[in-house]
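Note that the working numbering gives residue 251 to position 148 of the sequence shown, counting from 1, and the numbers run on in steps of one.
Where a beta carbon is used, it is the ideal one built from N, C-alpha and C, also for glycine.
Since we're looking at a predicted model, the values are computed, not measured.
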Amino acid sequence: MSTLSPLFLRDEELERSLDLLRRAALDLERAAMRAAEDPRLDRLDRAILQFVHAAPGITPSELDRLLAVGKQTLSRHIKALRAHGLVAALSDPEDRRTRPLALTAAGEALADRMLAAQKRRLRAAFQRVGPAAVEGFSRVVSELANPDVRRERGLASLVPES
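Next comes the structure, spelled out in structure tokens:
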């Protein structure tokens, strides 16, 4: 294994890392897309399914803060996912204006398939690089995920435990 140059913060290294992050994200997205096997679903639809799967009861407002796509766009996608029988809008007895989201059985099955495909890719990569590299990766990604921003936006439930 090569050691990282002490100049790891140079622009060239940062640009290389950004390029690798983009490529890895695209590869994981492609794995989810292939597992979904549903041409009606686009990237935002899959992201909504994955966030609702990870945080059942998440509200459209919370999703909007996470995904930053705009309320109208998000609403249109949630409506389509509901029409496809993948997402259900629940009622909140404490606040009738709030419509927490949950996956239907079909939505759960689809989200499980997408997640399994992504886990396979990640597991294979983790096995190739070993535990020390996985720990370093997790530390970097945790910093990039910026839990402070999620806490500030009232999304503390989506902040991973350290």
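Straight across, the Cα-Cα distance linking HIS187 with LEU121 is about 35 Å. The region 199-216 makes no contact with the region 167-179, as fewer than three CB pairs between them are under 8 Å. Cβ-Cβ distances below 7 Å link VAL237 to PHE229 in the same chain, with the five nearest sequence neighbours on each side left out; the list follows chain order.
Closest by C-alpha distance to PRO196, out of GLN221, LEU184 and GLY160, is GLY160. Inclusion of ALA214 and LEU225 in the CB contact set at 8 Å is not warranted, their separation being larger than that value. Cβ neighbours of ALA220 within its own chain (closer than 8 Å, five residues either side excluded): ALA134, ALA135, ARG137 and ALA138. The alpha-carbon of ASP130 is positioned some 17 Å away from that of ASP148. The criterion of a C-beta distance shorter than 8 Å is satisfied by GLU116 and LEU110. Secondary structure note for VAL190: its beta strand (DSSP E) is the uninterrupted segment 190-192. Nearest neighbour of VAL172 by Cα position, chosen from ARG146, GLY210, ALA158 and SER194, turns out to be ARG146. GLY233 is classed as exposed because its beta carbon has fewer than 16 other beta carbons within 10 Å across all chains shown.
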